[in-house]
Amino acid sequence: MTRDEMLAYCLGKPGAWEDHPWEDDTVVKVGSRIFAFLGSPDAATVGVKCGPDRDVADEWLHRYPEDARPSAYIGRSGWNTLRLDGAIADDELREAVDASYDTIVAKLPKRERPTAS
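Here the sequence shown is numbered in the working numbering, starting from 28 and rising by one per residue.
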């Protein structure tokens, strides 16, 4: 999966929008919260919430030791960075984004949650 394909997938989620809170870094938000970190234009990774804590998120590291790592700064909270061009299948990458999105939406105040169309 390419970075552009991942960005398009993320932006296809209800209420998703692209933001650039740091120079040259792309994130995708729903409401006011980030659910996917795509980083700089040359990055072939996505950072997603992979569980409520490090113990759950570590499953990705065990399954894909070369292609998954704890995200910088927020890894202890269950965020991992996953390689888009490695051994992780595209459908698993999409499932990881779906789970991250669902987790973040569930934590949003009701006024910020996307409405079903």
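Just so you know, even glycine gets a beta-carbon here, dropped at the ideal spot from N, CA and C.
* Closest to glycine 39 by CA distance: which of Ala63, Glu50, Asp52 and Ser59 is it? -> Ala63
* Rounded C-alpha distance that separates alanine 95 from tryptophan 87 -> 6 Å
* **Under the three-state DSSP convention, the category threonine 53 falls into** => strand
* Per-residue burial, valine 83 [other beta carbons within 10 Å of its own, 16 or more giving buried] -> exposed
* Terminal residues of the beta strand (DSSP E) in which alanine 95 lies -> Its beta strand (DSSP E) spans residues 95-97.
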